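Engineer: My questions will all concern the structure given below.
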Amino acid sequence: MATARLLEIQVEDELVEAVKALSLEELTVHEKNMKEEKNRITEQMKVLATHKKELERANKEVNDKLKVKERSEAAKAKTKAKTERMYSYIFKWKGEEIPFQLAGRSTITQFRMQFMIATGMKESKVKKLLFSHNEVVMRGRSENTGKDGYDMKDGDVVEVEDLDDSVSETEQDDEDAMVEDPDI
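Set out below in structure tokens:
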């Protein structure tokens with residue numbers, strides 16, 4: 009019986025050793041599988057990180073292009089609004105206030121025409137009178153640019169002095185008539 013018992017103990021020991029060996033082998037295989045899974049996940053994370061960076065870069069490029077486009081459109085709209093807008097001014101001439109309007113991009117000719125219409129003067133008198141006021145028109149055209157150091161705004165008063173009081177309108181009209189009619 010003791011031999012049977014010894015045999016039984018020996019078989020149990022071998023069985024325990026076999027189970028240990030099997031468990032160790034299974035653990036090794038499981039560990040190897042876990043490492044492979046970890047490596048696969050790490051590779052996927054690297055790929056995803058690369059895709060994320062590419063998407064962020066592409067998104068930034070698109071946003072930058074949109075910002076540039078928005079700024080460009082805003083500048084165009086602002087320029088168009090300035091160009092098409094009518095500006096109101098007031099001439100002070102011989103104690104009288106004469107309101108008039110000019111478009112954002114008016115020329116000196118348009119400026120003179122408005123003054124002629126407002127005062128009823130002849131063109132030659134207006135040209136002579138407004139000759140030195142060319143800069144006023146330029147300042148009116150350059151609103152908000154600051155190029156002239158002075159910006160005319162809506163409702164500004166432009167004082168126009170009669171530069172040559174010695175020539176009356178009737179005398180000037182006579183001079184114009186002489187030039188136009190050689191028989192006189």
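In the working numbering, the protein residues as written are 9 to 192.
Heads up, the beta-carbon is just placed ideally off N, CA and C, and yes, glycines get one too.
Note that the structure is a prediction, hence the values are computed from the model and not measured.
1. Going by alpha carbons, who is nearest to GLU105 out of PHE123, PHE119, ALA82 and LYS88?
2. What number of angstroms, rounded off, separates the C-alpha of ALA12 from the C-alpha of ASN41?
3. Count the other C-beta atoms from every protein chain shown that fall within 10 angstroms of the C-beta of LYS54, then say buried if there are 16 or more, exposed otherwise.
4. Roughly how many angstroms separate the alpha carbons of SER132 and GLN118, rounded to a whole number?
5. In angstroms, rounded to a whole number, what distance separates the CA positions of ALA29 and LEU63?
6. Three-state secondary structure (DSSP) at GLU22?
7. Going by other Cβ atoms of all chains shown within 10 Å of its Cβ, with 16 needed for buried, is VAL37 buried or exposed?
8. From THR71 to GLN52, what does the alpha carbon distance come to, in whole angstroms?
Structural biologist: From the atom records:
1. One-based indexing of the sequence shown puts residue 105 at position 97. When each option's Cα is compared against that of GLU105, the closest is PHE123.
2. By 1-based counting over the sequence shown, the position of residue 12 is 4. By 1-based counting over the sequence shown, the position of residue 41 is 33. Each residue's Cα considered, the two are about 42 Å apart.
3. Here residue 54 corresponds to residue number 46 of the sequence shown, with the count starting at 1. Per the 10 Å Cβ criterion, exposed.
4. Residue 132 sits at position 124 when you count from the first residue of the sequence shown. Residue 118 sits at position 110 when you count from the first residue of the sequence shown. The C-alpha of SER132 lies about 14 Å from the C-alpha of GLN118.
5. Along the sequence shown, read from residue 1 onward, the residue named residue 29 stands at position 21. Along the sequence shown, read from residue 1 onward, the residue named residue 63 stands at position 55. Distance between the alpha carbons of ALA29 and LEU63 is about 51 Å.
6. As a first step, residue 22 must be located in the sequence shown, where it is residue number 14. Note: GLU22 maps to helix in three-state DSSP.
7. Indexing the sequence shown from 1 puts residue 37 at position 29. VAL37 should be labelled exposed.
8. Your numbering for residue 71 matches position 63 in the sequence shown. Your numbering for residue 52 matches position 44 in the sequence shown. The sequence shown places Asn at residue 71, not Thr. Approximately 28 Å, taken between the alpha carbons.
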